[in-house]
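Novice: With the UniProt record's numbering, the residue at position 348 of the sequence shown is 348, and numbering never jumps. No residue lacks a Cβ here, since even glycine has one placed at the ideal position from N, Cα and C.
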Amino acid sequence: MALPPECDVLVIGGGNAGFCAAISAAQSGAKHVAIIDKCPEEWAGGNSYFTAGAMRTVHGGLPDLLPIVNNVDADTAKKIDMKPYTVEDFTGDMNRVTGRRTNRKLCQTLVNESNSAIKWLASNGVRFQLSFNRQAYEVNGRIKFWGGLALKTQDGGKGLIQDHLQAARRLGIQVFFSTAAQKLVTDPVSGAVTSVVVWHHGRERTIRAGAVILAAGGFEGNPRMRAQYLGPHWDVALVRGTPYNSGDGLEMAIRDVSAKQAGNWSGCHCVAWDANAPADTGDREISNEFTKSGYPLGIMINRQGNRFVDEGSDLRNYTYAMIGRQILNQPGHMAFQIWDSKAIPWLRSEEYRPEVVQHISAATISELAEKCAEFDLEDKKRFEQTIHDYNKAVYERQRRHPGGKWDPAVKDGLTTQSEGLELAVPKSNWALPIDQGPFLAVRVTAGITFTFGGLAVRPETAALVSSTTNQEVPGLYCAGEMLGGLFYDNYPGGSGLTSGAVFGRRAGRAAAARVSSRQARL
């Protein structure tokens, strides 16, 4: 397939946001839509490929979601407890986890259009399922969904990209790999973007376009930019996804059209990640299984033998994107996650089975300390004392407040803190003693997912804003990780893919409308 010299809408970036933008443009009347991506075809999908496929959306409860999922039979549906997740719930979660710094209009757009965007994706062949394995626990015979998140795509990010590729083929959207955007070319009079210079199979080429949509990801794959913007030690964080998200699109837009920068440039999504995972790239087979998100069910101890974070401060959906930062700041940029026999059965097998992660198992705490010392634990005595002190605090809380019920699907209030004894680093929920062998530890480090700093857009159209004029750059739009202003320090799990769908869809519609308007004037 030859690279076209021109098209109606050119999308730069082939992840979820890019495909949503291209599909939306084609469905909105753009006759020739093309996607370019600098990665080779075997790396198709950008960071979206590496996700679990979770998508956060406003919904009216189970009846609202059942029509778009394919993994719930009638008998299972009767056992499910799922409260509606309202506009107020989603907005409240966004405000709470970002310290109320989320851009109000962007947030409002994300929340209000989340449900329609999800159903639009389903109408385009994206296969959705209820996320039983990640977002529900079976407690007393009831399947309880928690944390405001219920949906995922079938086969996670792999399935999502497969479905997007099929939709693109049906609509005649052309996808070109190994094609890197080099420069945005503008009209000297109007300032409108008219074409993109690209590097394609060893040659420089120019593609004229009626509209261009930037969806090329953040800079999480670039160690230099991570250290420059995120700060010390971030150059040694492990990369969770594609190595091709190196910030090229951001730097190109800032250089060529004076794109206005927005959002939290020192912030990112960073999870607890298998310490033995590849350093500079995700694994396309194991993918999201390197995530180690079972820390709320146990405790985490650094190599000096100390706890350093409240593992139960909130439901995992609201802490997992920032927990990696806490681990990165520890000595050696690593920690041990620890559980006893009570909690081990609750760990997700796709993340913790021995085929995926190296188990450090022992019959006693002393033996566990000895074995962890073989994996960089520096102070065995302090390790044992930390677990002893933690257990003592849990026992004291239980003595003073008997009758508490452990429930991983809610914030159950089982804490280490009581009138008689408080830990300097509390565990606020799900605090059970770690006292029944066998015991399990795994080594974790920081796995960076995506960066929060990006470019300013008009929420209504996702049109890019110029820092020089504070006006829209004509013919240029932005979606996905490149869009700045939504997330600060943290984010509610599943809202990244939803943002890509909402603003990608808007960008596609606006780009197609611009092309149609210009053609009508000719």
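Note down the Cα distance separating V309 from P278, rounded to an integer number of angstroms.
Specialist: Within the sequence shown, numbered from 1, the residue matching residue 309 stands at position 309. Within the sequence shown, numbered from 1, the residue matching residue 278 stands at position 278. Answer to the nearest angstrom: the Cα atoms are 25 Å apart.
Novice: Kindly indicate which three-state DSSP category D163 falls into: helix, strand or coil?
Specialist: Here residue 163 is taken as the residue at index 163 of the sequence shown, counted from 1. Helix at D163.
Novice: Pick from G493, F503, A510 and L476: whose alpha carbon is nearest that of S190?
Specialist: Locating residue 190 in the sequence shown gives position 190, counting from the first residue. Minimum Cα distance to S190 is reached at L476.
Novice: Tell me, which residues are paired with I448 by DSSP?
Specialist: Taking the first residue of the sequence shown as 1, we reach residue 448 at position 448. V239 and C270.
Novice: Check whether the segment 19-27 touches the segment 75-85, taking contact to mean three or more Cβ pairs, one atom from each stretch, closer than 8 Å.
Specialist: no
Novice: Check each candidate in E285, A479 and M1 and name the one with the smallest Cα separation from E504.
Specialist: Residue mapping note: residue 504 aligns to position 504 of the sequence shown, counting from 1. Note that residue 504 corresponds to Gly in the displayed sequence, not to Glu. When C-alpha distances from G504 are compared across E285, A479 and M1, the shortest belongs to A479.
Novice: Short check: CB of Q228 to CB of M1, under 8 Å?
Specialist: Reading the sequence shown from its first residue, position 228 is the one you call residue 228. Reading the sequence shown from its first residue, position 1 is the one you call residue 1. The Cβ atoms of Q228 and M1 do not sit closer than 8 Å to each other.
Novice: Going by C-alpha distance, which of R205, Q358 and G305 is nearest Q385?
Specialist: Here residue 385 refers to the residue found at position 385 of the sequence shown. When only C-alpha atoms are compared, the closest one is G305.
Novice: Under 8 Å, do A343 and F177 count as touching if we go by C-beta distance?
Specialist: One-based indexing of the sequence shown puts residue 343 at position 343. One-based indexing of the sequence shown puts residue 177 at position 177. Going by C-beta atoms, A343 is not nearer than 8 Å to F177.
Novice: Looking only at C-alpha atoms, which of L414, L106 and V410 sits nearest to E396?
Specialist: For the purposes of this step, residue 396 is identified with residue 396 of the sequence shown, where counting begins at 1. When only C-alpha atoms are compared, the closest one is L414.
Novice: Determine whether the beta carbon atoms of L483 and S48 lie at a separation below 8 Å.
Specialist: For the purposes of this step, residue 483 is identified with residue 483 of the sequence shown, where counting begins at 1. For the purposes of this step, residue 48 is identified with residue 48 of the sequence shown, where counting begins at 1. Contact flag unset, no.
Novice: Based on the DSSP output, what are the partners of G454 in its beta bridges?
Specialist: One-based indexing of the sequence shown puts residue 454 at position 454. Note: G454 sits in a beta bridge opposite A262.
Novice: Short check: CB of F439 to CB of S287, under 8 Å?
Specialist: Position 439 of the sequence shown, counting from 1, holds the residue named residue 439. Position 287 of the sequence shown, counting from 1, holds the residue named residue 287. Against a cut-off of 8 Å, the Cβ pair of S287 and F439 comes out as no contact.
Novice: Would you call the CB atoms of Y320 and G493 closer than 8 Å?
Specialist: Here the question's residue 320 lines up with position 320 in the sequence shown. Here the question's residue 493 lines up with position 493 in the sequence shown. It is a contact, given that the beta carbons lie within the stated cut-off.
Novice: Could you give the distance in angstroms between the alpha-carbon of R284 and the alpha-carbon of R382?
Specialist: Here residue 284 corresponds to residue number 284 of the sequence shown, with the count starting at 1. Here residue 382 corresponds to residue number 382 of the sequence shown, with the count starting at 1. Roughly 38 Å between the two C-alpha positions.
Novice: Does Q166 pass the burial test, meaning 16 or more other C-beta atoms within 10 Å, or should it be called exposed?
Specialist: Reading the sequence shown from its first residue, position 166 is the one you call residue 166. If you draw a 10 Å sphere on the C-beta of Q166, you find fewer than 16 other C-beta atoms in it, and that means exposed.
Novice: Would you decide whether K105 is buried or exposed? Buried here means 16 or more other CB atoms lie within 10 Å of its CB.
Specialist: In the sequence shown, the residue the question calls residue 105 occupies position 105. Looking at its Cβ environment, which holds fewer than 16 other Cβ atoms inside 10 Å, K105 is exposed.
Novice: Would I12 pass as a contact of A192 if the rule is Cβ separation under 8 Å?
Specialist: For the purposes of this step, residue 12 is taken as residue 12 along the sequence shown, with counting starting at 1. For the purposes of this step, residue 192 is taken as residue 192 along the sequence shown, with counting starting at 1. No. Outside cutoff.
Novice: Between I213 and G298, which are expected to be in contact by the criterion C-beta below 8 Å, what is the C-beta distance as a whole number of angstroms?
Specialist: Translated into the one-based positions of the sequence shown, residue 213 becomes position 213. Translated into the one-based positions of the sequence shown, residue 298 becomes position 298. Between G298 and I213 the Cβ distance is about 43 Å, and since that is not below 8 Å, they are no contact.
Novice: Buried or exposed, going by whether 16 or more other CB atoms sit within 10 Å of the CB of A424?
Specialist: Residue mapping note: residue 424 aligns to position 424 of the sequence shown, counting from 1. By the C-beta density criterion, A424 is exposed, having fewer than 16 other C-beta atoms within 10 angstroms.
Novice: Taking the alpha-carbon positions, what's the N264 to T451 distance?
Specialist: Translated into the one-based positions of the sequence shown, residue 264 becomes position 264. Translated into the one-based positions of the sequence shown, residue 451 becomes position 451. Whole-angstrom Cα-Cα distance: 8 Å.
Novice: Check the C-beta distance from K292 over to V239 and give it rounded, since I have them as a contact under 8 Å.
Specialist: In the sequence shown, residue 292 corresponds to position 292, counting from 1. In the sequence shown, residue 239 corresponds to position 239, counting from 1. With a Cβ gap of about 16 Å, K292 and V239 do not count as contacting.
Novice: Could you tell me the boundaries of the alpha helix (DSSP H) in which E88 lies?
Specialist: Mapped onto the sequence shown, residue 88 falls at position 88. Segment V87 to V97, the alpha helix (DSSP H) holding E88.
Novice: Is any beta-carbon of chain B found at less than 8 Å from that of R56?
Specialist: Considering every chain present, this structure includes no chain B. It has just one protein chain.
Novice: Quick check: what's the CA-CA separation for E367 versus H164?
Specialist: Residue 367 sits at position 367 when you count from the first residue of the sequence shown. Residue 164 sits at position 164 when you count from the first residue of the sequence shown. C-alpha separation (whole angstroms): 49 Å.
Novice: Could you say which of P408, G404, M334 and K411 lies nearest to residue 523 if we only look at CA atoms?
Specialist: This structure cannot speak to residue 523, because the chain is shown only from 1 to 522.
Novice: For I161, which of A150, G202, E42 and G324 has the nearest alpha-carbon?
Specialist: Here the question's residue 161 lines up with position 161 in the sequence shown. Looking at the Cα atoms, E42 is the closest of the given residues.
Novice: Can you check whether the CB of L121 is closer than 8 Å to the CB of A501?
Specialist: Numbered from its first residue, the sequence shown carries residue 501 at position 501. Numbered from its first residue, the sequence shown carries residue 121 at position 121. It is a contact, given that the beta carbons lie within the stated cut-off.
Novice: On the DSSP bridge assignment, give the partners of K183 in chain order.
Specialist: In the sequence shown, counting from the first residue as 1, residue 183 sits at position 183. Answer is V197.
Novice: Would you identify the three-state DSSP class for W346, choosing helix, strand or coil?
Specialist: Along the sequence shown, read from residue 1 onward, the residue named residue 346 stands at position 346. Residue state, collapsed to three classes: helix.
Novice: Just how far apart, CA to CA, sit F128 and E88?
Specialist: Counting from 1 along the sequence shown, the entry for residue 128 is found at position 128. Counting from 1 along the sequence shown, the entry for residue 88 is found at position 88. Cα to Cα, F128 sits roughly 24 Å from E88.
Novice: What are the boundary residues of the beta strand (DSSP E) that V33 is part of?
Specialist: Reading the sequence shown from its first residue, position 33 is the one you call residue 33. Counting along the chain, the beta strand (DSSP E) containing V33 begins and ends at V33 to I36.
Novice: Which stretch, first to last residue, makes up the beta strand (DSSP E) that contains G496?
Specialist: The sequence position of residue 496 within the sequence shown is 496, counting from 1. Per DSSP, G496 lies in no beta strand (DSSP E) segment; the continuous alpha helix (DSSP H) that holds it begins and ends at S495 to R521.
Novice: Could you tell me whether the Cβ atoms of R443 and F290 are closer together than 8 Å?
Specialist: Sequence index remark: in the sequence shown, residue 443 carries index 443 (1-based). Sequence index remark: in the sequence shown, residue 290 carries index 290 (1-based). Not closer than 8 Å, so no.
Novice: Grouping DSSP H, G and I as helix and E and B as strand, with all else coil, what is L10?
Specialist: Taking the sequence shown and counting its residues from 1, the one referred to as residue 10 is at position 10. The answer is strand: DSSP assigns L10 an E or B state.
Novice: So is N391 buried or exposed if we call it buried at 16+ other beta carbons inside 10 Å?
Specialist: On the sequence shown, position 391 is the one that residue 391 refers to. Its Cβ being crowded by 16 or more others within 10 Å, N391 is buried.
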